[in-house]
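Residue numbering for the sequence shown follows the numbering used here, starting at 10 and increasing by one per position.
A short write-up of the structure that comes next.
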Amino acid sequence: MDGITAELLMMMAGGAAGAAGQGAGQSAWQSLVALVRRRPVEGDPGQGTTGQRELEEFEADPENPVRAQGLADALVLRAGQDPEFARRLSGCLFGPGRTHMEVSGGQQNNVVQAQYVGTLHISGSNGPAAAG
């Protein structure tokens, strides 16, 4: 499963813990935690790690990149063994569907691409004013 990085997990956990972690970011982290803690049903192909130990270690020290990478690796392993877990994990991390964003065509100013945005303020101008 692509896209699971230590940096992403640290950002999610940090956002959920901070004041800015209200709303979608906090909800995504809580969904991820609940998913990892959900025990595989008997007969599930997930015979390797469940990621629970790695999650507990990461939650104890969410700024530790080694623990974040350990959790990322465990999630990738479990997702590779359990298609249903992979589907749900993708929903936790990336929302219900993936979005492709691309900027092209000459010089761009003040381009912001994001999945979850709370309040965003952009001030100043580096380019020509937009035509009204």
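Glycine included, each C-beta is placed from N, C-alpha and C at the ideal position.
Bear in mind that the values here come from a model prediction, so they are computed numbers and not experimental data.
Limits of the alpha helix (DSSP H) - the one that residue i falls within
| i | result |
| --- | --- |
| Arg62 | Gln61 to Ala69 |
| Ser99 | Pro92 to Phe103 |
Within 8 Å, strictly: CB atoms of residue i and residue j
| i | j | result |
| --- | --- | --- |
| Val120 | Val112 | yes |
| Leu80 | Leu18 | yes |
Own chain partners of residue i with C-beta closer than 7 Å, once the 5 adjacent residues on each side are dropped
| i | result |
| --- | --- |
| Val42 | Leu64 |
| Gly23 | Pro71 |
Min CB distance residue i to chain C below 8 Å
| i | result |
| --- | --- |
| Thr59 | Annotation note: the requested chain C is absent from the structure, which comprises a single protein chain. |
Of the residues the options, the one placed nearest residue i, counting alpha carbons only
| i | options | result |
| --- | --- | --- |
| Arg96 | Val45, Ser36, Pro71 and Glu66 | Val45 |
| Arg48 | Met20, Leu18 and Arg87 | Arg87 |
| Gly100 | Met20, Ala15 and Ser36 | Ser36 |
Cut-off 6 Å between Cβ atoms - residues of its own chain near residue i, not counting five sequence neighbours on either side
| i | result |
| --- | --- |
| Ala83 | Thr58, Gly60 and Glu63 |
Spatial neighbours of residue i in its chain, beta-carbon cut-off 8 Å, leaving aside the 5 residues before and after
| i | result |
| --- | --- |
| Phe67 | Leu18, Ala22, Asn73, Arg76, Ala77, Gly79 and Leu80 |
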